[in-house]
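A.B. asks: Sending over a structure as structure tokens; questions will come in a sec.
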Amino acid sequence: DHDGEPVIQIAGHKTYETSGHLNMTTVRVTSADYNMNLVSAVYGWLAHDSIVVPHNTLYPDGQTEEQSSQENAEEFSQSQESAKVAALNELDIPVKSWVIVSTVVKDSPSEGRLHAGDVIKAVDGTSIRQPADVAKLVTKHKPGETVDFTVVPVKEATAAEKEGKEATRTEHVKITTQKADDGRAIVGIQAGTDHTFPFQIDIKLADVGGPSAGLMFALGIVDKLTPDDLTGGKFVAGTGTIDDDGKVGPIGGIQMKTVGAREKGARYFLTPKDNCATAAKDTPDGLTLVKVDTIDDAMGALKDIRSGKTSDLPSCTAG
471 DHDGEPVIQI AGHKTYETSG HLNMTTVRVT SADYNMNLVS AVYGWLAHDS
521 IVVPHNTLYP DGQTEEQSSQ ENAEEFSQSQ ESAKVAALNE LDIPVKSWVI
571 VSTVVKDSPS EGRLHAGDVI KAVDGTSIRQ PADVAKLVTK HKPGETVDFT
621 VVPVKEATAA EKEGKEATRT EHVKITTQKA DDGRAIVGIQ AGTDHTFPFQ
671 IDIKLADVGG PSAGLMFALG IVDKLTPDDL TGGKFVAGTG TIDDDGKVGP
721 IGGIQMKTVG AREKGARYFL TPKDNCATAA KDTPDGLTLV KVDTIDDAMG
771 ALKDIRSGKT SDLPSCTAG
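Following the working numbering, the numbering of the sequence shown begins with 471 at its first residue and continues without gaps.
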């Protein structure tokens, strides 16, 4: 829960009561126009709950705070989608997925021809199963050659989805490639994945951005959809990105997150494998860092935690 409201809300499927804690963690960053003085810098270097990083680590050159916030919001939204897919896959609940046009680059060959949300069924007659297939087929061409996209227009796809159906009418869109800086042929789109879920899953959490809560969202969904209490009443926190296949990825600010988790009472912290070495350099007393690389790893670790078999937990070690 957050401020007395459930973070994960599910309708259209049986849910179960949960106990214990399965907490996500986050960090706060300064604004883009913050001017750090010497005292603040020294405090940041010495304090266990903060870290000093170059300004362009958080706000790359030329990027405004508003643009950074928008990017973080998009990553947060995508992490929720991937968490839902990973959780339902873990429970063998089917999810319908398809490849879409995620973004169209301004002034590119695709502008006005393809649109965000168009469903990509095929490229040059070859069926598309995942976003990477699109780039693979486009880059087989030389710059200046034409690529044939078979798509379901976004309006038809959206209308069909609202009716619980799958749009079948497709259009052929021919786009002439242009030359990228590295010489490859490009059309100026980013392909992504969209999903239709068999019941409603909402994640309600304001003022948080970025993808780092993905793992904990996925576990929270699993917890609500299964009769077994994942934590067995224990206080578990964690972090990590997650993709549709349940692969856990590293995040930033790991040492601050472990400190914050322990201060709130966590005894176990699910830690992405690639963050383990850094996290283990300064582990808070009383907190066990549990190494995870997939949602399956996390599920296995939680089983050991709730059964008391913690001596077998895969732990993090300083590299």
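Built from N, CA and C at the ideal position, the CB exists for glycine as well.
Restricting to runs no shorter than 4 residues, where is the alpha helix (DSSP H) found entirely within the segment 657–717?
C.D. replies: As far as the segment 657–717 is concerned, its whole alpha helix (DSSP H) runs of at least 4 residues are 684–695.
A.B. asks: Just mark GLY621 as buried or exposed, buried being the case when its beta carbon has 16 or more other beta carbons within 10 Å.
C.D. replies: The residue asked about is misnamed: residue 621 is Val in this sequence, not Gly. VAL621 comes out buried.
A.B. asks: Can you give the Cα-Cα distance for GLN648 and THR701, rounded to whole angstroms?
C.D. replies: Approximately 53 Å between the Cα atoms of the pair.
A.B. asks: So for GLY730, helix, strand or coil by DSSP?
C.D. replies: Helix at GLY730.
A.B. asks: Taking the alpha helix (DSSP H) that VAL624 belongs to, which residues open and close that run?
C.D. replies: Per DSSP, VAL624 belongs to the alpha helix (DSSP H) from 624–632.
A.B. asks: Taking C-beta to C-beta, are GLY684 and SER552 nearer than 8 Å?
C.D. replies: Yes; because the gap between Cβ atoms is below 8 Å, this pair is in contact.
A.B. asks: To the nearest whole angstrom, what separates the beta carbons of ALA768 and LEU675, a pair I think is in contact under 8 Å?
C.D. replies: Wrong, their Cβ atoms sit about 19 Å apart, outside the cutoff.
A.B. asks: The alpha helix (DSSP H) spanning LEU740 covers which residue range?
C.D. replies: Unbroken run through LEU740 is the beta strand (DSSP E), 738–742; no alpha helix (DSSP H).
A.B. asks: Which one of PRO613, VAL569, PRO579 and LEU584 has the shortest CA to CA distance from ILE598?
C.D. replies: For the residues PRO613, VAL569, PRO579 and LEU584, the minimum Cα distance to ILE598 belongs to VAL569.
A.B. asks: Which two residues bound the contiguous alpha helix (DSSP H) that contains VAL575?
C.D. replies: Here VAL575 belongs to no alpha helix (DSSP H), and DSSP marks it neither H nor E.
A.B. asks: Looking at C-alpha atoms only, which residue of VAL706, ASP698, ASP774 and TYR486 is the closest neighbour of MET686?
C.D. replies: The candidate whose alpha carbon is nearest that of MET686 is VAL706.
A.B. asks: With H, G and I counted as helix, E and B as strand and the rest as coil, what does DSSP make of ASP588?
C.D. replies: DSSP places ASP588 in coil when its eight states are reduced to three.
A.B. asks: In angstroms, rounded to a whole number, what distance separates the CA positions of ILE673 and GLN550?
C.D. replies: In a straight line, the C-alpha of ILE673 is about 7 Å away from that of GLN550.
A.B. asks: Just checking my contact of SER572 with GLY703 at CB under 8 Å: how many whole Å lie between their CB atoms?
C.D. replies: SER572 to GLY703, Cβ: 41 Å. No contact.
A.B. asks: Apply the 10 Å Cβ neighbour rule to GLY482 and answer buried if 16 or more other Cβ atoms are within range, or exposed otherwise.
C.D. replies: That one is exposed.
A.B. asks: Which residues mark the beginning and the end of the beta strand (DSSP E) in which LEU492 is found?
C.D. replies: Run containing LEU492: 491–494, per the beta strand (DSSP E) assignment.
A.B. asks: Nearest by alpha-carbon distance to GLY708: which of PRO742, THR696 and SER547 is it?
C.D. replies: Residue PRO742 is the option with its Cα nearest to GLY708.
A.B. asks: Are ILE590 and ALA661 close, meaning C-beta to C-beta below 8 Å?
C.D. replies: Yes, the Cβ-Cβ distance between ILE590 and ALA661 is below 8 Å.
A.B. asks: Give me the residue from THR764, ASP693 and PRO697 with the minimum Cα distance to THR711.
C.D. replies: It is THR764 whose Cα lies nearest to the Cα of THR711.
A.B. asks: On the criterion of 16 or more Cβ atoms from any shown chain inside 10 Å, does LYS734 qualify as buried, or is it exposed?
C.D. replies: LYS734 is exposed by the Cβ-count criterion.
A.B. asks: Leaving out five residues before and five after GLU615 in sequence, what residues of the same chain have Cβ atoms less than 6 Å from its Cβ?
C.D. replies: Excluding residues within five positions, the ones whose Cβ falls inside 6 Å are THR647.
A.B. asks: What span of residues does the alpha helix (DSSP H) with LEU418 cover, start to end?
C.D. replies: For residue 418 there is no data in the structure shown, the boundaries of the chain being 471 and 789.
A.B. asks: LYS619: buried (16+ other C-beta within 10 angstroms of its C-beta) or exposed?
C.D. replies: Here residue 619 is Phe; the residue named in the question, Lys, does not match the sequence. With 16 or more other Cβ atoms within 10 Å, it is buried.
A.B. asks: Suppose contacts are defined by Cβ-Cβ distances below 8 Å. Is VAL593 in contact with VAL574 by that definition?
C.D. replies: Going by C-beta atoms, VAL593 is not nearer than 8 Å to VAL574.
A.B. asks: Write down the C-beta distance between LEU757 and ALA736 rounded to the nearest angstrom, noting that I regard them as a contact closer than 8 Å.
C.D. replies: Between ALA736 and LEU757 the Cβ distance is about 6 Å, and since that is below 8 Å, they are a contact.
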